[in-house]
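Visitor: The structure under discussion is supplied below as structure tokens; questions concerning it will follow.
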Amino acid sequence: MCSTIVLAQFLVLLLACVSHLCVGEEKLPGKAPLVFTVASNETEAYLRYIRSAKRYGIEVTTLGLGKPWQGGDMKKLGGGYKINLLRSALKPYKSDDDRIVLFTDSYDVLFLASLEKIVEKFETFEASILFGSEGFCWPDPELKNKYPVLEGRGTRFLNSGLFMGYASKVYQMLKNPVKDTDDDQLYYTKIYIDQQLREELNMKLDHTAALFQNMNGVEEQITLALDPDSKEAFLKNTEYSTNPLVVHGNGPSKITLNGYANYLAGAFVDGECQTVKENLIELDEENLPTVMVALFIEKATPFIEEWFENIAKLNYPKQKMDVFIHNNVDHHKPTIDQFIKQYTKEYRSFRMVDYSEDFEELAGRSLAVNQCLKKKCDYLFVVDADGHIDDPDTLRRLIMLNRDIISPVLTRPEKVWSNFWGALSSQGFYARSSDYMD
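This is the structure in structure tokens:
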């Protein structure tokens, strides 16, 4: 009897679980949504975008990757190339009324939620096509008065960096020809301000950043908040009390997005940076990369002998290291000469440039880069005389981090000082960022 009751309870529980799964599946349309972006090169910004997509299980199709950009000057009008690429990609789905399509820019965009949550939020708008909005009527301010009157609060004008809709409607929107070098935002704007087309396509804007956050011009409205359960940061628009699910650092707001990207999409969790643990590499002892070690002595420096000793103690084969020295201090020359004499047969090569050769610091640093390229080295490791290296495994650890550029954070104990500026003022000088202090 007891076993029968237990079995019955198990079956009820199993049916409840199956029912729950079915409900979960219904949250996304039967046909999987399509996510598209455009990028020509796998830059760090593009890889950051892809990382955010993977964080939330979003599969992105990148159009134009590895091909020359045909959309004109990125700093001016242009981008029609993106429209033409998307039109071609959507041709197989031109009659699909049920499949949802999401398009985003890539280099200045981050996903902040799963595709399921994005679709759920999209459906609340009851739109066939939804664009993000911004406060600037760009690129043609004269079209401002042709926009429909905004009822309520929000940003009024269309931004083309983020939009989604049903495939057949999106394809219909893209039917008019456009040159690769024409402006994509102007193309979409002219459709939106045409009342007949807007209503035919059921085209709407997200005026309050409930789904799409375009940052330019509203950076003061946006802040980071912390989820007390997941310990992850999320984006909050304080003006409208919304939590956008995709963010676009359009225009000059890219700098702000770069700062937020250090925390969003699981980059910083429970007080720890997570990205430094990702994409690490193991060193092949039989095939170690070559390194140009560039040493700069630009001012009289105490303990210079110990500094050179620590360089020599680096746990890395000297035959894999070229040494470049730029010295601007006369009385340090004997120490440098002794270092070269002692290790000249161990390192792969030496090159010293000093004050007698009329090479100022800037020219010396440029020469180090050129020497590295000339030697076809894999890495350039720059060390200034006032920055001591006490850990002999430093070079190995830096290489294993597998980053294009790494710079240390140097601080002075109990002082509000570091070798980094947290932000820039409007005059291009120092400004304290919100995360400058620990």
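Numbering (mature numbering (1 follows the signal peptide of the UniProt record, and there is no 0)), first residue to last: -24 to -1, 1 to 414.
Heads up, the beta-carbon is just placed ideally off N, CA and C, and yes, glycines get one too.
(1) Starting from the C-beta of H302, find all residues in its chain whose C-beta is less than 6 Å away, skip the five residues before and the five after it, and write them out in chain order.
(2) Find the nearest neighbour of Y355 within the set S109, M297, I316, judged by alpha-carbon distance.
(3) Spell out a yes or no on whether the segment 202 to 219 and the segment 173 to 193 are touching, meaning 3 or more CB-CB pairs, one atom from each, closer than 8 Å.
(4) Please classify L61: does DSSP put it in a helix, a strand, or coil?
(5) Locate the alpha helix (DSSP H) running through N234, then write down its first and last residues.
(6) In this structure, how does DSSP classify K52 when only helix, strand and coil are distinguished?
(7) Expressed to the nearest angstrom, what Euclidean distance is found between the alpha-carbon atoms of D380 and N263?
(8) Quick check: the segment 64 to 72 against the segment 138 to 155, are there 3 or more CB pairs under 8 Å?
(9) How far does the beta strand (DSSP E) with G340 in it extend, from its first residue to its last?
(10) Closest by CA to S136, which one among V36, V125, R129, M149?
(11) Just to confirm before moving on: does the CB-CB distance between A243 and T232 stay below 8 Å?
(12) Report buried or exposed for C(-3), applying the criterion of at least 16 other Cβ atoms within 10 angstroms of its Cβ.
(13) Checking the sheet assignment: what are the DSSP bridge partners for K212?
(14) Return the chain-ordered list of same chain residues with a C-beta closer than 8 Å to the C-beta of K155, the five sequence neighbours on each side being excluded.
(15) Let me confirm a value: S217 is counted as buried when at least 16 other C-beta atoms fall within 10 Å, else exposed. Which label applies?
(16) When burial is assigned at 16 or more other CB atoms within 10 Å of the CB, is R31 buried or exposed?
(17) By how many angstroms is the C-alpha of W397 removed from the C-alpha of G247?
(18) Examine the Cβ distances between the segment 308 to 315 and the segment 344 to 353 and report whether three or more of them are shorter than 8 Å.
(19) With DSSP run on the structure shown, which of helix, strand or coil describes L271?
(20) What's the call for F357, buried or exposed, on a 16-neighbour Cβ count within 10 Å?
(21) DSSP on S16, reduced to helix/strand/coil?
(22) Taking N395 as the reference, which of V385, L41, S401, S402 has the closest Cα?
(23) Cutting at 8 Å between CB atoms, please list the residues of its own chain near H307, excluding the five before and the five after it.
(24) Which residues mark the beginning and the end of the alpha helix (DSSP H) in which N135 is found?
(25) CA-CA distance, P310 and N226?
(26) Starting from I301, trace the beta strand (DSSP E) in both directions and tell me its first and last residue.
(27) What is the DSSP secondary structure of S28, counted as helix, strand or coil?
(28) Report buried or exposed for L177, applying the criterion of at least 16 other Cβ atoms within 10 angstroms of its Cβ.
(29) Determine whether the beta carbon atoms of L41 and A15 lie at a separation below 8 Å.
(30) Suppose the cutoff is 7 Å on Cβ atoms and the five residues either side in sequence are ignored; what does the same chain contact list for L61 look like?
(31) Does the structure place the segment 161 to 168 close enough to the segment 193 to 210 that three or more beta carbon pairs sit under 8 Å?
(32) Taking 7 Å as the limit between beta carbons, can you name the residues of its chain near P5, skipping five residues before and five after?
(33) Who are N190's beta bridge partners in DSSP?
(34) Provide the residue(s) that pair with L106 in DSSP beta bridges, ordered along the chain.
(35) Any idea which residues DSSP pairs Y406 with across the strands?
(36) Taking its Cβ as the centre, do 16 or more other Cβ atoms sit within 10 Å of M268, making it buried, or is it exposed?
Guide: By the coordinates alone:
(1) The residue you call residue 302 lines up with position 326 of the sequence shown. Within the same chain, H302 has close Cβ partners F272, V329, G340.
(2) The count along the sequence shown starts at 1 and reaches residue 355 at position 379. Comparing alpha-carbon positions, the option among S109, M297, I316 lying closest to Y355 turns out to be M297.
(3) yes
(4) Within the sequence shown, the letter at position 85 stands for residue 61. If DSSP states are grouped into helix, strand and coil, L61 belongs with the helices.
(5) By one-based count along the sequence shown, residue 234 stands at place 258. Its alpha helix (DSSP H) spans residues 230 to 236.
(6) Residue 52 sits at position 76 when you count from the first residue of the sequence shown. Coil.
(7) Within the sequence shown, residue 380 is the residue found at index 404, counting from 1. Within the sequence shown, residue 263 is the residue found at index 287, counting from 1. As the crow flies, the alpha-carbon of D380 is around 19 Å from that of N263.
(8) yes
(9) Translated into positions along the sequence shown, residue 340 becomes position 364. Here G340 belongs to no beta strand (DSSP E); instead the alpha helix (DSSP H) covers 337 to 351.
(10) Within the sequence shown, the letter at position 160 stands for residue 136. The shortest Cα separation from S136 among V36, V125, R129, M149 belongs to M149.
(11) Counting from one through the sequence shown, the residue named residue 243 turns up at place 267. Counting from one through the sequence shown, the residue named residue 232 turns up at place 256. Contact flag unset, no.
(12) Counting from one through the sequence shown, the residue named residue -3 turns up at place 22. Residue confidence for C(-3) is low, a pLDDT of 38 falling below 50, so the modelled location carries little weight; the figure read from the coordinates is stated next. With fewer than 16 other Cβ atoms within 10 Å, it is exposed.
(13) Numbered from its first residue, the sequence shown carries residue 212 at position 236. Bridge partners of K212: T199.
(14) Translated into positions along the sequence shown, residue 155 becomes position 179. These residues qualify, in order along the chain: G56.
(15) As a first step, residue 217 is located in the sequence shown; it is residue number 241 there, counting from the start. So S217 counts as exposed.
(16) Working through the sequence shown from its first residue, we reach residue 31 at position 55. By the neighbour-count rule (16 or more Cβ atoms within 10 Å), R31 is buried.
(17) In the sequence shown, the residue the question calls residue 247 occupies position 271. In the sequence shown, the residue the question calls residue 397 occupies position 421. Those two C-alpha atoms are separated by around 21 Å.
(18) Counting Cβ pairs under 8 Å, fewer than three are found: no touch.
(19) Taking the first residue of the sequence shown as 1, we reach residue 271 at position 295. Correct three-state label for L271: strand.
(20) Position 381 of the sequence shown, counted from the start, is the residue given in the question as residue 357. Buried: at least 16 other Cβ atoms inside 10 Å.
(21) Translated into positions along the sequence shown, residue 16 becomes position 40. The answer is coil: DSSP assigns S16 none of H, G, I, E or B.
(22) Numbered from 1 along the sequence shown, position 419 holds the residue referred to as residue 395. With distances taken between Cα atoms, N395 lies closest to V385.
(23) Indexing the sequence shown from 1 puts residue 307 at position 331. A276, listed in sequence order.
(24) Here residue 135 refers to the residue found at position 159 when the sequence shown is read from its first residue. Segment 133 to 142 is the beta strand (DSSP E) holding N135; no alpha helix (DSSP H) there.
(25) Taking the first residue of the sequence shown as 1, we reach residue 310 at position 334. Taking the first residue of the sequence shown as 1, we reach residue 226 at position 250. Each residue's Cα considered, the two are about 54 Å apart.
(26) For the purposes of this step, residue 301 is taken as the residue at position 325 of the sequence shown. Unbroken beta strand (DSSP E) run through I301: 297 to 303.
(27) Start at 1 with the first residue of the sequence shown, and residue 28 comes out as number 52. In the structure shown, S28 sits in a helix (DSSP, three-state: H, G or I).
(28) Reading the sequence shown from its first residue, position 201 is the one you call residue 177. Classification of L177: buried, given that the 10 Å Cβ count is 16 or more.
(29) Along the sequence shown, one-based indexing puts residue 41 at 65. Along the sequence shown, one-based indexing puts residue 15 at 39. Cβ atoms of L41 and A15: closer than 8 Å.
(30) Position 85 of the sequence shown, counted from the first residue, corresponds to residue 61. Hits under 7 Å: V14, L39, G40.
(31) no
(32) Position 29 of the sequence shown, counting from 1, holds the residue named residue 5. Legend: pLDDT at P5 = 46, less than 50; position of this residue unreliable, value from coordinates given subsequently. Here the set comprises D74, R75, I76.
(33) The sequence position of residue 190 within the sequence shown is 214, counting from 1. Bridge partners of N190: H224.
(34) Along the sequence shown, one-based indexing puts residue 106 at 130. Its beta-bridge partners are M140, K180.
(35) Here residue 406 refers to the residue found at position 430 of the sequence shown. Per DSSP, L400.
(36) Residue mapping note: residue 268 aligns to position 292 of the sequence shown, counting from 1. Buried, because 16 or more other Cβ atoms sit within 10 Å of the Cβ of M268.
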